[in-house]
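Novice: Residue numbers (numbering that gives the first Met the number 0): 0 to 123.
What follows is a structure written as structure tokens; I'll ask about it next.
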Amino acid sequence: MAGPWQQANRGAGGAASVTQAAPTNGSTTGLQVRLRQLIVSFSGTANATDQLTVKDGAGGTNLLTLDFAALANTGQVAFLAGMDIRASVGKDLVIAFVNGVATSNEDINASGDFIPAGYPMFQS
């Protein structure tokens with residue numbers, strides 16, 4: 000296995016997103032990007048809703064979808080650990096809020112690792 004990765008982004012008044020690129024050099028061919036932990040927050044000064052997606056590549060299949068709603072001056076937080084969500088070999092893992100809301104703050108903090116294709120599920 001290759002090393003771990005971490006990504007973070009804050010979308011103040013716009014859609015937050017992070018992309019973990021697929022390994023591309025010769026020594027990492029055949030590895031997949033795996034999401035292990037995701038911490039997301041959504042808050043704003045007005046009532047708002049948005050959706051967060053984890054995708055297999057930029058225009059790929061949704062691997063995970065979370066809906067967020069917050070009343071004015073409140074927030075929502077999601078903390079998901081022990082995950083094993085994988086992009087296909089050669090594809091980036093894209094985590095993004097869909098809409099971005101002008102009156103909201105959207106935060107994404109994600110971490111994971113790179114694993115060989117076919118690696119057993121939920122193995123460290």
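Beta carbons: idealized from backbone N, C-alpha and C, even for Gly.
Find the nearest neighbour of G81 within the set G10, R9, G12 and R35, judged by alpha-carbon distance.
Specialist: On the sequence shown, residue 81 is found 82 positions in, with the first residue counted as 1. Nearest C-alpha to G81: R35.
Novice: Which stretch, first to last residue, makes up the beta strand (DSSP E) that contains P22?
Specialist: What you label residue 22 is simply residue 23 of the sequence shown in a count that begins at 1. Looking at the DSSP string, P22 is not in any beta strand (DSSP E), and its letter there is neither H nor E.
Novice: Taking 7 Å as the limit between beta carbons, can you name the residues of its chain near A86, skipping five residues before and five after?
Specialist: The count along the sequence shown starts at 1 and reaches residue 86 at position 87. So the qualifying residues of the chain are A21, Q31, V32, D55, G56 and L92.
Novice: Assuming L65 and V97 form a contact by the criterion Cβ under 8 Å, report the distance between their Cβ atoms to the nearest whole angstrom.
Specialist: Indexing the sequence shown from 1 puts residue 65 at position 66. Indexing the sequence shown from 1 puts residue 97 at position 98. No, L65 and V97 are not in contact; Cβ-Cβ is about 10 Å, not under 8 Å.
Novice: Look up L63 in the DSSP assignment and give the residues it is bridged to.
Specialist: In the sequence shown, the residue the question calls residue 63 occupies position 64. L63 is bridged to V53.
Novice: Could you give the first and the last residue of the continuous beta strand (DSSP E) run that contains G74?
Specialist: Here the question's residue 74 lines up with position 75 in the sequence shown. First-last of the beta strand (DSSP E) with G74: T73 to L79.
Novice: By a C-beta neighbour count over all protein chains shown, 10 Å radius and 16 as the cutoff for buried, is G12 buried or exposed?
Specialist: For the purposes of this step, residue 12 is identified with residue 13 of the sequence shown, where counting begins at 1. Classification for G12: exposed.
Novice: G43 and N104 - do their beta-carbons sit closer together than 8 Å?
Specialist: Position 105 of the sequence shown, counted from the first residue, corresponds to residue 104. Position 44 of the sequence shown, counted from the first residue, corresponds to residue 43. Yes.
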